[in-house]
Amino acid sequence: MQRIKRSETISNDEIGLQTQLRQSKLFQHHRGHPFHSAIPVSSPLYLACQNNDLALVESCLKKMKPEEIDFQYPPNNETALHVATRNQHKEIIRTLLFYGAQRSLRNAHDQQAYQLAETDEIKDLFKRQKSSRFAFLHSRCKTTTLSQSKIKCESCSLVNDNTFYEWELVDRNASQKALRFRHELKPSTSMKEKELKQRLYSIKKGYINARLQDVSAVDGARICNYFKRALLQQDPYYIITAYTICQNFSELLNKDMARNVIHDLKNGCSKFSCDCLYSTEDGTKSITNILLHHPKFQKVSFKGEVYRGIVVPKNTLDHYKVGSYIITTTFLSTSKDPAVAQAFCDKGSANPTMHSFFCIYEILNDNRSGLDISKISEFEDENEVLILPYSAFLITKIEEGPETTNIYLKEHCLKHMFGNDGSQEYSIQSIMRPVELVRSSLLNNISEIVLQEDDGIRLRSKTMPALETNF
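Position in the sequence shown counted from 1, then plus 912, gives you the numbering used here.
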């Protein structure tokens, strides 16, 4: 009887996926060893891609699940997309990408399919359509209301409003706030398999399933599938796959994150009193927590210079001043290649009310302020570095021009502000106002921070939004 019950709890899809995963791992195990046994490749899709049979490819794809389309065949660990690209079969590549073939998978020689393209015409098939990924475009910032349109929250005026939420806050206490938010995300221990599984399950069931009502059915199915793979394979890199493949999803995630920070700072909300936070906070924080603390992402931690564009109405960023500190409230997509960011922040038409800003970020710390996701992104050519939330930057220089204004930002060091046990806080200096964060015992509560100012000492409570924020 127990065996029958167990079979009922596992779907046929999951059984098929787990079988393919076991086969794929077996083939990958042999990659580093002599592999003499000839394993026949009998997949109709594989052969159709090799033989440039477009009709058969389309027929196969209509019946296949995403994990079947992305299966990596022995002995070279190549997908159907690799095979089509190696043979420069343009229409088959286009068709595979239309059906959602995963770009970022690598063969036994560590190559994405994109790297097998021999002409610019083929390479262009892999590139993202014109978008605002590396530019903040004010015209695209209509706040998407939560799916639960009937949300009521008497204690909070920010639910389902049309407020424009910025991706960064300019604040004299940016470092302290970044510190508090990051400390709240700090796991009790290093993230192990069990905790990752719990967080991924929570994200998929609680946040993804609800939020995907706001994207197309095709995009929703792809995002849901990538989080399912992350859960089954225990591979957090699939979060990056989902984030980079669908701009609608990344925009929704970032708007939720920015909104949640404002709820915390402006209204002193908690998820127990605010329906807006209740519906999104666990999911957004779990995603951030995995990227901040899972050991796999330490391998792609980045230090260096990256670029991002902003296109907004004139005077929108007048509050950006040299010497100001900012805190990021969302994930920021930047590029190691300035040409990529420049191409994305082009205003297009000569609109006299709009102005372009080009931001140059200098990332200095080892605390995962930035992740070089270029090798795991679905679009390797973009050379993307993802700046994580709750990073503090100092505006060091502003160069104004008739068409574009350059803004230079240097990361503010948060390192060593906590001891290994999270109990000690060390001094930092803000140049915006003579504020010193005095070394203190946190008593396991980051909400009690002693600030020494010009004329005395005051105690800030987490539930009392005493720190001003300039919007």
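Glycine included, C-beta positions come from ideal geometry on N, C-alpha and C.
Because the structure is a prediction, the values reported are computed rather than measured.
Beta-carbon gap between Arg-1015 and Glu-1296 smaller than 8 Å: Locating residue 1015 in the sequence shown gives position 103, counting from the first residue. Locating residue 1296 in the sequence shown gives position 384, counting from the first residue. Not in contact: Arg-1015 and Glu-1296 (Cβ atoms no closer than 8 Å).
Close Cβ partners of Thr-1317 (< 6 Å) along its chain, the five nearest in sequence each way excluded: Your numbering for residue 1317 matches position 405 in the sequence shown. Counting only Cβ-Cβ distances below 6 Å, and skipping sequence neighbours, we find Phe-1269.
Anticipated Cβ contact below 8 Å, Leu-1037 with Leu-1009, distance rounded: Position 125 of the sequence shown holds residue 1037. Position 97 of the sequence shown holds residue 1009. Right, their Cβ atoms sit about 7 Å apart.
Cα-Cα separation between Lys-1140 and Glu-1163, rounded to whole angstroms: The count along the sequence shown starts at 1 and reaches residue 1140 at position 228. The count along the sequence shown starts at 1 and reaches residue 1163 at position 251. If you take the alpha carbons of Lys-1140 and Glu-1163, they lie about 21 Å apart.
Residue closest to Asp-1168, alpha-carbon to alpha-carbon, out of Glu-1294, Leu-1124 and Ser-1213: Here residue 1168 refers to the residue found at position 256 when the sequence shown is read from its first residue. If we check each option's Cα against that of Asp-1168, Leu-1124 comes out closest.
Backbone CA spacing between Leu-1091 and Leu-957 [nearest angstrom]: The count along the sequence shown starts at 1 and reaches residue 1091 at position 179. The count along the sequence shown starts at 1 and reaches residue 957 at position 45. Spanning the two alpha carbons is a distance of roughly 51 Å.
Distance CB(Pro-1301)-CB(Thr-1242) smaller than 8 Å: Counting from one through the sequence shown, the residue named residue 1301 turns up at place 389. Counting from one through the sequence shown, the residue named residue 1242 turns up at place 330. Going by C-beta atoms, Pro-1301 is nearer than 8 Å to Thr-1242.
Segment contact flag, the region 1125-1145 with the region 1210-1219, C-beta cutoff 8 Å, min 3 pairs: no
Rounded separation between Leu-1203 and Val-1252 - CA only: One-based indexing of the sequence shown puts residue 1203 at position 291. One-based indexing of the sequence shown puts residue 1252 at position 340. Leu-1203 and Val-1252: Cα-Cα distance of roughly 24 Å.
First and last residue of the uninterrupted alpha helix (DSSP H) at Gly-1132: As a position in the sequence shown, residue 1132 is number 220, starting the count at 1. Looking at the DSSP string, the run of the alpha helix (DSSP H) that includes Gly-1132 is 1129-1145.
Start and end residues, beta strand (DSSP E) containing Asp-1284: Along the sequence shown, one-based indexing puts residue 1284 at 372. That run of the beta strand (DSSP E) goes 1282-1284.
Simplified DSSP state of Gly-1216, which is helix, strand or coil: Looking up residue 1216 in the sequence shown gives position 304. Three-state result, Gly-1216: strand.
Bridge partners - Leu-974, DSSP secondary structure assignment: Looking up residue 974 in the sequence shown gives position 62. The amino acid occupying residue 974 in the given sequence is Lys; Leu does not appear at that position. BP columns for Lys-974 are empty, so no partner.
Opening and closing residue of the alpha helix (DSSP H) in which Asn-963 lies: Mapped onto the sequence shown, residue 963 falls at position 51. Residues 956-963.
Straight-line Cα distance separating Gly-1282 from Val-1127: In the sequence shown, the residue the question calls residue 1127 occupies position 215. In the sequence shown, the residue the question calls residue 1282 occupies position 370. Looking at the two C-alpha atoms, the distance is approximately 27 Å.
Backbone secondary structure at Leu-1229 - three-state DSSP: The residue you call residue 1229 lines up with position 317 of the sequence shown. DSSP places Leu-1229 in coil when its eight states are reduced to three.
Where the alpha helix (DSSP H) through Val-1173 begins and ends: For this step, residue 1173 is matched to residue 261 along the sequence shown. 1159-1174 is the extent of the alpha helix (DSSP H) around Val-1173.
Euclidean distance between Cα positions of Asp-1073 and His-1175: On the sequence shown, residue 1073 is found 161 positions in, with the first residue counted as 1. On the sequence shown, residue 1175 is found 263 positions in, with the first residue counted as 1. Below a pLDDT of 50, predicted positions are generally treated as unreliable, and Asp-1073, at 43, falls in that range; the measurement from the model is reported next regardless. Each residue's alpha carbon lies about 12 Å from the other.
Among Thr-1156, Tyr-1320 and Lys-1309, nearest to Ile-1272 - alpha-carbon criterion: Against the sequence shown, residue 1272 aligns to sequence position 360. For Ile-1272, the nearest C-alpha among the options comes from Tyr-1320.
Enclosing alpha helix (DSSP H) for Val-1297 [first to last residue]: The residue labelled residue 1297 in the question sits at position 385 within the sequence shown. It is not in any alpha helix (DSSP H) - Val-1297 instead sits in the beta strand (DSSP E) that spans 1296-1299.
Proximity test, Leu-1306 beta-carbon vs the ligand FMN heavy atom, cut-off 7 Å: Ligands in the displayed structure: none, and consequently the ligand FMN is not present.
Beta-carbon proximity list for Leu-1306, same chain, < 6 Å, skipping 5 on both sides: One-based indexing of the sequence shown puts residue 1306 at position 394. Taken in chain order, the residues that qualify are Tyr-1237, Lys-1322 and His-1324.
Rounded separation between Ala-1154 and Phe-1161 - CA only: In the sequence shown, counting from the first residue as 1, residue 1154 sits at position 242. In the sequence shown, counting from the first residue as 1, residue 1161 sits at position 249. Rounded to whole angstroms, Ala-1154 to Phe-1161 spans 8 Å at the Cα level.
Val-969 in three-state terms, based on DSSP: What you label residue 969 is simply residue 57 of the sequence shown in a count that begins at 1. Helix, per DSSP.
Anticipated Cβ contact below 8 Å, Val-1212 with Ile-1285, distance rounded: Mapped onto the sequence shown, residue 1212 falls at position 300. Mapped onto the sequence shown, residue 1285 falls at position 373. About 6 Å; that satisfies the 8 Å criterion.
Asn-964 to Asn-1227 span [Cα, whole Å]: By 1-based counting over the sequence shown, the position of residue 964 is 52. By 1-based counting over the sequence shown, the position of residue 1227 is 315. Approximately 54 Å between the Cα atoms of the pair.
Arg-1171 versus Thr-1192 - alpha carbon distance: For this step, residue 1171 is matched to residue 259 along the sequence shown. For this step, residue 1192 is matched to residue 280 along the sequence shown. Approximately 10 Å between the Cα atoms of the pair.
Which listed residue (Asp-1147, Lys-1309 and Glu-1315) has its alpha carbon closest to that of Phe-1209: Locating residue 1209 in the sequence shown gives position 297, where the first residue counts as 1. Of the candidates Asp-1147, Lys-1309 and Glu-1315, the one whose C-alpha sits nearest the C-alpha of Phe-1209 is Asp-1147.
Coil, strand or helix - Tyr-1302 by DSSP: As a first step, residue 1302 must be located in the sequence shown, where it is residue number 390. Tyr-1302 falls in the coil class under three-state DSSP.
Chain B contact for Leu-1097 (CB, 8 Å cutoff): In the structure shown, chain B cannot be found, because there is only a single protein chain.
First through last residue of the alpha helix (DSSP H) which encompasses Ser-1114: Along the sequence shown, one-based indexing puts residue 1114 at 202. Ser-1114 -> alpha helix (DSSP H) spans 1105-1114.
Run of the alpha helix (DSSP H) containing His-1267, from where it starts to where it stops: Within the sequence shown, the letter at position 355 stands for residue 1267. From DSSP, His-1267 is part of no alpha helix (DSSP H) but of the beta strand (DSSP E) over 1266-1275.
Range of the contiguous alpha helix (DSSP H) that encloses Leu-1008: As a working mapping, residue 1008 is identified with position 96 in the sequence shown. Unbroken alpha helix (DSSP H) run through Leu-1008: 1002-1010.
Reduced DSSP category for Val-1234 - H, G, I as helix; E, B as strand; rest coil: Start at 1 with the first residue of the sequence shown, and residue 1234 comes out as number 322. Coil at Val-1234, not helix or strand.
Reference Ile-1402, options His-1095, Leu-1244 and Val-1234, closest by Cα: Outside the displayed range of the chain (913 to 1383) lies residue 1402, so it cannot be described from this structure.
Euclidean distance between Cα positions of Ile-1135 and Ile-981: Residue mapping note: residue 1135 aligns to position 223 of the sequence shown, counting from 1. Residue mapping note: residue 981 aligns to position 69 of the sequence shown, counting from 1. Those two C-alpha atoms are separated by around 15 Å.
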